[in-house]
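**Q** A single structure is presented below for examination.
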Amino acid sequence: MEFLSDIASLTNSTLRISTPLVFAAMAGIFAERSGVIDFSLEGKMLMAAFVAAVGSYFFGNPWAGLIMAIVACVSLSMLHGFASVTHKGDQVVSCVAINILIIGLTTALAAAWFGQAGLTPTLSDDQRFLEITLPFADALREVPIIGLIYSDILSGHYIFVYFAYISVPIVYWVVFKTSFGLRVRAVGENPSAVDTAGINVFAMRYKALAINGVLIAFAGAHLSTAVNANFFREMSAGRGYLALAAMIFGKWHPKTALIACLLFGFTDALQIRLQGVELPTIGTIPVQLIQAVPYILTVILLAGFVGKAIAPRAIGQPYIKER
Amino acid sequence: MSSVVDKSKVPWWVSNLIVPLVNLTLALLVSALFIFIAGENPYKAIKLIIYGSFGYIEGFAYTLYYTTNFIFTGLAFAVAFHCRLFNIGGEGQAYIGGLGVFLVAINFSFLPVPIVWVLSIAGAFIFGAAWAFIPAYLQAKRGSHIVITTIMFNFIASSLMVYLLVDVIRDMKQMGPHTVALPKELWLPSFKDLAALFGVKIRYSPLNASFLLAIAASFFVWFLVWKTKWGYEMRAVGHNTQAAIYAGISPYKNIIIAMLISGGLAGLLSINEILGVHHKIVSGFPAGYGFTGIAVALMGRNHPIGIFPAAFLFGILYQGGSEVTFDMPNITRYMFVAVQGVIILFSGALENLFRPQIESFFVNRLNKQVEA
Amino acid sequence: MVSPILELLSINKSFGHVHANKDINLTINKGTIHGIIGENGAGKSTLMSIVYGLYQADSGIIKVSGKEINLKSPRDSIENGIGMVHQHFMLVENFTVLENIVLGFEGEIIFGKNLEKAKIDLKNLCDTYNLNVDLDSVISDLSVGFRQRVEILKSLYRGAEVFILDEPTGVLTPQEVDELFKILRSLKEEGKTIVLITHKLNEIMDLTSEVSVMRQGEVVGHTKTENTNREKLAEMMVGRSVLLRINKSKAEKGDVVFKVENLTVKDDLDVTRVKNVSLEIHAGEILGLAGVTGNGQTELLEALSGIRPVVSGEISLNGQKISDNSGLLNPRQLKEKGLAHVPEDRQRMGLVTDFKAYENLIFGYHDQEPYSKSSIMKENQILDYSKKVMEEYDVRPRSPNLMTSNFSGGNQQKLILSRELNENPKILLVGQPTRGVDIGAIEFIHQRLIDMRDKGAAILLVSVELEEVLSLSDRIVVMFDGNIVGERINKDVTDRELGLLMAGVA
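Residue numbers (my numbering), protein chains in the order written: chain A, 134 to 456; chain D, 701 to 1072; chain U, 21 to 526.
Here it is as structure tokens:
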């Protein structure tokens, strides 16, 4: 029985921990499928976390924070687009710049406005998103198996968790079942084909980047107004890069990217559980080393030992029209 | 007016001085805006920066101490960049380089001091290079993007070093996560020592002889990239991989070499921090210098001649910046991280924002002078 | 009753100082198959790109069915019933046929219902024109011939009345060509108009009812196909220009030093471009390889110089086999064996444009003495050598320190040439040596090649410029559609004869 409840709590944690990764991976898919490299997911997530926390505090409403975070991230995506698509600048440099800029600016402004070394004020319950208990969850708790699944695994999450997993089939549908998604994918594979069909390549990329901004904002807001009750410096902790690895490993496909995100979430949840636990033969793995597991996993996934990932054909290349 | 300029008519000082200066100015204007948003007076901040970095001799020494670090990490990024590789892993490579320095110094301390120093330099370089090897290999062989892998290796280095500092090589007599101190003979001579030789008494500053190593490294990089066969091939692969293949140059080999040297240079930062300043491995000693190196390299156009002044500028920002954080409690050192990001943006991604207008302005002006 | 569906009046287009289209006047009549023929650089593709809205003409008027229209983008052209099948297909490899066709014309955000309608419409089109394409297959699985049908279907679906095809048969097998012709004829039956851009005279004679000839940016002739023949067309295409024949002594031919046997090479899209080619070059001889671009010369050169793998066949240097199915020697090793290569695409392959001139002058030879010793570049030696060859080859400006991108095309070419010829190679592969080069430099380069030959080198000269081939070569072979279609000794051969061979006429 204890084993089952361990599994349940592990699954529960996995779902929660993977949430920002899922949003970030979906965001990355939109940008990269349209041909724009997006290594700035990390910076945008952090920006969203900061803006959401500050916005929720000032307006007393977490939704206000979320909306402000969306505006901030879309603006950053547009900046990236301006540098990469319009000015045909180096897309990787643009991303690195945004990441560094955001790490500095968010902490600096948090310190300047609130004084405590990069923390924003703790949000009260009104100002943040709370865990949601699904209907009948308490009543069903004692029911074997179903109760476990419904009450312990599915219920009790923050709203973003539900959003994240619902977003996956939506993203799948938009990218693969709509004409908008068709055009986005075409622009990332063969922009000339799109151009000769009379569609504006640049506009398509900007649109994809806008969606990218919206999705990544959710990831950041989840961190600072749901899981935690404030922003603290560098709180994204590399999740943006993990999401990238998940996206690449998932071959830029929502469903497989989701699986990779869950894998990351699981290893993180597992790592937390295993801290200080004596394992057979190995003994206790030092906390610091265990914490490195997601990053090591990222490298392994990127090394392509589990299959080679082929990026959208036209990615990273600015589209040049006339000869 | 045509914005298409005959590139051969643009004087070198316009492309390499004026345009970067304009980009820098734009970046600084945006930074001033940030300071304003943070609720402080940008003008006052600038005055503090200048005072803190030049106004008194120890301040200037601090500036040069920071400059030392930025030269190393700037050179590191630049070397890799010549092969079209974005080595974001300077932090981790510097950290692991520190491990190399410490292990060598502690274990070979019985040898004459100058020899230990030389061996330590080698240790720093080799360990830093080793930390860059796997990302390099994965990029060359498997196409795994080096930006992501080097960033991951930064995190892994952090975890590894914290573990070592807490559990393995910690100074057991102390509470903090750091190693024992190196024997005093091995400490690099500091600026204070030098001044004392001339009978001048100054207060403590971390500036030390590794500054000279940084200058030597600059020459080394200049020589390597522009005067040797390896540098030639690296640059060919970076500029035009197709043509390199035509000429029989191996992209694979050059990617690895470029990254190894890059990692090694980042590792040299630890000579400053460990042999020169802390005299032990302190947790987190790379302190963001690796990322600053990126801004330094891009601003300095990836050439030692540009990297030195860029590193100096950032030294001023850091030292002046700490004066600012001291006097203006609302501004923390993270504000200067933001400034770095803006500089990378304007010197890197948006470097051509105003280039056509600037170049054609100067070309037209020069034409008018000729006609007159 | 013949009426014009497309009229081009005084169209002009320049790219920098290249005047690609000079005052073009052209009338295409409805329901005809109209051929536009010309050599490389004649301006045909530029003109049609203007008609399709990809470029904007500098001046001139375009009328569709008598109405003047402004074509600012492909969207405008498509709306006016103009469709184009490009030489390089505009298809998304991993999409299905259906997805490629509806791209941009999906109808609504939501797929679902509209796709069904599209499928029905497309099925009807396929039946009408015998296109026989499986709408659900993925492009990467289709043969080139079928991909082309998808392109035609695309234009049909968008309601095209005028179909422009740019060099459609270059990538097709003979059977696929026959199939294509059937399709084109049935399009014509249904009242569509076809503009066929080609350099192949057979196609013109077989398919078209009217033909316009372009040369060097101008329309130099227009006639009804029934009133002309291949010879007349070839003459118009190639022109009766004065040949710049160089004074050269008779070749002192030596032994065979370079031999190619049954070579087959594929391109990056897995299409066979070199089909069982055999040739031999003697020491002290220039073998000219004539032919219009796209007939396999590029792939042949890349294979011979160690850059592209070979599917089958053998290459031998001085009797020593240097390749077989398993692989080629790499460029470094070939250089050691005395082979030098001046590539066709100087900017993409032959030079690093961001390097200074002196750095490019040792490109590929940089690790040899005297340019470097124990891995250190000997700058003084390199600069001395650079100054010497830049003087010798009259490269302007005479600055070894100037960045290569600042040199004109001709001078860049001279840099490459001086580099490769300086090593006194035994075998020299040269591709398009005077492309984009001014007249003065052309003469100079030609003289250098003759000098090389007189010193005993075996030279393979690949060029689309017939004049150049006739001027320099001792022997000439013509490449058409991946095959060697003719070999002549350069004594009494005429440009007309070669033009016919280049255009696929035996």
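Glycine included, each C-beta is placed from N, C-alpha and C at the ideal position.
None of these values were measured; they are calculated from a predicted model.
Within 10 angstroms of its Cβ, does THR767/D collect 16 or more other Cβ (buried), or is it exposed?
**A** buried
**Q** For ILE656/D, list the residues DSSP reports as bridge partners.
**A** Because chain D is modelled from 701 through 1072, residue 656/D falls outside the range shown and cannot be assessed.
**Q** Do ALA205/A and MET180/A come within 7 Å of each other at the CB atom, strictly closer than that value?
**A** yes
**Q** Note down the Cα distance separating LEU155/U from ILE53/U, rounded to an integer number of angstroms.
**A** When only Cα atoms are considered, LEU155/U and ILE53/U end up about 27 Å apart.
**Q** Answer with buried or exposed for TYR946/D, where buried requires no fewer than 16 other C-beta atoms within 10 angstroms of its C-beta.
**A** buried
**Q** Per DSSP, what kind of secondary structure is GLN421/A in: helix, strand or coil?
**A** helix
**Q** Compare the beta carbon distance of LEU433/U and ARG366/U with 7 Å and say whether it is the shorter of the two.
**A** For the sequence presented, residue 433/U should be read as Gln rather than Leu. Yes; because the gap between Cβ atoms is below 7 Å, this pair is in contact.
**Q** Could you run through the region 908-938 of chain D and flag, in chain order, every residue whose CB is less than 7 Å away from some CB of chain U?
**A** Going along the region 908-938 of chain D in chain order, one finds LYS927, THR928, LYS929, TRP930, TYR932 and ALA936 with a Cβ nearer than 7 Å to chain U.
**Q** Would you mind telling me which residues of chain D sit closer than 8 Å to ASP288/U, beta carbon to beta carbon, in chain order?
**A** Those within 8 Å of ASP288/U in chain D number zero; the least Cβ separation is about 12 Å.
**Q** What residue range is occupied by the uninterrupted alpha helix (DSSP H) comprising SER300/A?
**A** Boundaries of the alpha helix (DSSP H) harbouring SER300/A: 292-310, taken from the DSSP string.
**Q** Using a Cβ-Cβ cut-off of less than 7 Å, give me the residues of the region 889-902 of chain D that come near chain U, in sequence order.
**A** none
**Q** Assign GLU246/U to one of three DSSP states: helix, strand, or coil.
**A** DSSP places GLU246/U within a helical segment (H, G or I) once states are collapsed to three.
**Q** How should GLU79/A be labelled, buried or exposed, when 16 other C-beta atoms within 10 angstroms of its C-beta is the threshold for buried?
**A** Residue 79/A lies beyond the residue range present for chain A, which begins at 134 and ends at 456; the question has no answer from this structure.
**Q** Taking the alpha carbon of LEU238/A as the reference point, which residue from TRP831/D, ILE737/D, ASN972/D and LYS841/D has its own alpha carbon closest?
**A** Closest option to LEU238/A, judged by alpha-carbon separation, among TRP831/D, ILE737/D, ASN972/D and LYS841/D: ILE737/D.
**Q** Span of the alpha helix (DSSP H) holding SER126/A?
**A** Chain A is shown only over 134 to 456; residue 126/A falls outside these bounds and no answer can be derived.
**Q** Can you name, in chain order, every residue of its own chain whose Cβ lies under 6 Å from the Cβ of GLY752/D, other than the five neighbours on each side?
**A** GLY759, GLN1019, GLY1020 and GLU1023
**Q** Can you tell me where the alpha helix (DSSP H) holding LYS83/U begins and where it ends?
**A** Per DSSP, LYS83/U belongs to no alpha helix (DSSP H); it is in the beta strand (DSSP E), 79-84.
**Q** Chain A partners of SER844/D, CB-CB under 7 Å?
**A** LEU435, ALA436 and GLY437
**Q** According to the Cβ coordinates, are GLU305/U and ALA271/U closer than 7 Å?
**A** yes
**Q** So is the beta-carbon of LEU888/D under 6 Å away from any non-hydrogen atom of the ligand HEM?
**A** As far as ligands go, the structure on display features none, and thus does not contain the ligand HEM.
**Q** Just the chain U side, please: which residues come within less than 8 Å of GLN1040/D by C-beta, in chain order?
**A** In chain order: nothing, as chain U lies at least about 27 Å away.
**Q** Are the region 154-172 of chain A and the region 334-354 of chain A in contact at 8 Å, needing three or more beta carbon pairs?
**A** yes
**Q** With which residues is ILE265/A paired in a DSSP beta bridge?
**A** HIS290/A
**Q** Can you give me the start and stop residues for the alpha helix (DSSP H) that SER227/A sits inside?
**A** 224-247
**Q** Of all the options LYS929/D, GLY774/D and LEU764/D, which has the alpha carbon lying nearest to the alpha carbon of ARG1001/D?
**A** GLY774/D
**Q** Looking at the C-beta of ASP401/A, does it have a partner C-beta in chain D at a distance below 7 Å?
**A** no
**Q** For SER325/A and chain U, any beta-carbon pair shorter than 7 Å?
**A** yes
**Q** Using the C-alpha atoms, what's the distance from ILE278/A back to ALA780/D?
**A** 56 Å
**Q** Measure from the alpha carbon of ILE396/U to the alpha carbon of each residue in GLY993/D, ALA1049/D, TRP926/D and THR879/D, then state which is nearest.
**A** TRP926/D
**Q** Using DSSP's beta-bridge definition, name the partner residues of MET234/U.
**A** VAL239/U
**Q** Which one of PRO324/A, PHE313/A and SER325/A has the shortest CA to CA distance from LYS340/A?
**A** PHE313/A
**Q** Does the CB of PHE172/A have a neighbour CB from chain D at under 7 Å?
**A** yes
**Q** Quick one: complete alpha helix (DSSP H) runs, 4+ long, within the region 302-365 of chain A?
**A** 312-322, 324-329 and 334-355
**Q** Under three-state DSSP, which class holds SER261/U?
**A** Confidence is the limiting factor: at SER261/U the pLDDT is only 47, short of 50, which leaves the residue's position unreliable, though a coordinate-based value still follows. Correct three-state label for SER261/U: coil.
**Q** Can you find the residues in the same chain that come closer than 8 Å, C-beta to C-beta, to ILE955/D, ignoring five residues on each side of it along the sequence?
**A** CYS783, LEU785, ALA836, GLN839, ALA840 and VAL937
**Q** On the three-state DSSP scale, how would you describe ASN120/U?
**A** Note: ASN120/U maps to helix in three-state DSSP.
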